[in-house]
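Take a look at the structure set out below.
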Amino acid sequence: MKKIKNLLVLSLFIFSIVGCNLASNKNKGQTEKIKIGVVAPLKGEGATYGASMKRGFDLAFNGETNYELLYEDSKFDSKLAVTILEKYISVDKIKVIYGEAASGVTLAMVPISDKNKVIQFSSIATSDDLQKSSDYFFRNVPRNSIQGTTAAEFLFKTLKISDAAILKDNDDYGLNLSKSFSTVFKSL
């Protein structure tokens, strides 16, 4: 609940800054667009995530003439994503970043956005390590441990399944989900 409240406060804060900036620019006779940087895997591995992100952002900002979305392809690569983020901050002077899709890539980006007080928002990164990683990082997707817990409770309580096998990827995502699922399922 606290995270939802913080997200609402953040949204109001962003819109107030954007509104003040737009009003200030209009007073000067300017119509400078607010730039929002998007870091996503647009090609190669993970491109389906990047394509979904892009469609969502394009839909959300469709018809908005006050904003300009800048897209850069991270290729699911932490070093490349950090380079893109640093360019967005230093060259493009962007204060709001959407991305990345992969938790590991997002974790690599967070210290830079935190140091520069740039808001970073991800709708896909689920690592538990992101939960308290920065005052400037936000997401609207449950972390892995909550997803694993929810799945275990649903299978046991709703579907009345008492035996389960776990097939998982041997990466942070697979290990974290399976651990939380297994712990809760066994306790039930």
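If you count by this note's numbering, then the sequence shown holds residues 1163 to 1350, one letter each, in order. Each residue gets a CB set at the ideal place from its N, CA and C atoms; glycine is no exception.
Report the option in the options whose CA atom is closest to the CA atom of residue i.
{"i": "A1209", "options": "I1196, E1230, E1234 and I1281", "result": "E1234"}
{"i": "I1251", "options": "G1199, K1319 and P1203", "result": "G1199"}
{"i": "F1219", "options": "E1207, A1202 and G1206", "result": "A1202"}
{"i": "S1275", "options": "G1266, V1267 and I1259", "result": "I1259"}
{"i": "T1312", "options": "S1342, D1297, T1227 and P1273", "result": "S1342"}
{"i": "I1286", "options": "N1306, I1328 and T1227", "result": "N1306"}
{"i": "G1266", "options": "K1257, L1242, K1322 and L1329", "result": "L1242"}
{"i": "A1326", "options": "T1288, L1339, E1248 and K1348", "result": "K1348"}
{"i": "L1204", "options": "R1217, K1197 and F1318", "result": "R1217"}
{"i": "S1295", "options": "S1344, I1308 and K1277", "result": "K1277"}
{"i": "K1257", "options": "F1316, E1230, S1240 and V1303", "result": "E1230"}
{"i": "G1310", "options": "A1263, I1281 and S1340", "result": "S1340"}
{"i": "V1280", "options": "F1300, A1263 and Q1293", "result": "F1300"}
For residue i, which residues from the same chain have a beta carbon less than 7 Å from its beta carbon, with the 5 sequence-adjacent residues on both sides left out?
{"i": "D1291", "result": "L1269"}
{"i": "D1334", "result": "S1265, G1266 and S1289"}
{"i": "A1314", "result": "F1343, V1346, F1347 and L1350"}
{"i": "L1247", "result": "V1201, I1259, M1271, I1274 and S1275"}
{"i": "E1207", "result": "F1238"}
{"i": "S1324", "result": "F1318"}
Output the boundary residues of the beta strand (DSSP E) element that contains residue i.
{"i": "R1301", "result": "F1299 to R1301"}
{"i": "I1196", "result": "I1196 to A1202"}
Less than 6 Å between C-beta atoms, sequence neighbours within five positions excluded: which residues of the same chain meet that for residue i?
{"i": "M1163", "result": "In this prediction, M1163 has a pLDDT of 48, which is less than 50 and means its spatial position is unreliable; what the coordinates show is noted afterwards. Same-chain partners within the cutoff: there are none."}
{"i": "L1350", "result": "F1318"}
Counting along the chain, where does the alpha helix (DSSP H) carrying residue i start and finish?
{"i": "G1310", "result": "N1306 to E1315"}
{"i": "T1320", "result": "That residue, T1320, is in no alpha helix (DSSP H); it is neither H nor E in DSSP."}
{"i": "S1344", "result": "D1334 to S1349"}
{"i": "A1327", "result": "First-last for A1327: undefined, no H or E at that position."}
{"i": "T1210", "result": "A1209 to A1222"}
Can you give me the Cβ contacts of residue i inside the same chain, cut-off strictly under 8 Å, excluding the 5 residues immediately before and after it?
{"i": "N1187", "result": "A caution first: N1187 carries a pLDDT of 49, below 50, which makes its placement in the model unreliable, though a value can still be read off. Taken in chain order, the residues that qualify are T1193 and E1194."}
{"i": "N1224", "result": "none"}
{"i": "K1330", "result": "G1336, L1337, L1339 and S1340"}
Checking contacts by CB at 8 Å: is residue i closer than that to chain D?
{"i": "P1304", "result": "Absent from the structure is chain D; it holds one protein chain and no more."}
*alpha helix (DSSP H) runs wholly inside the stretch 1229-1286, at least 4 long, in chain order*: 1240-1252 and 1265-1277
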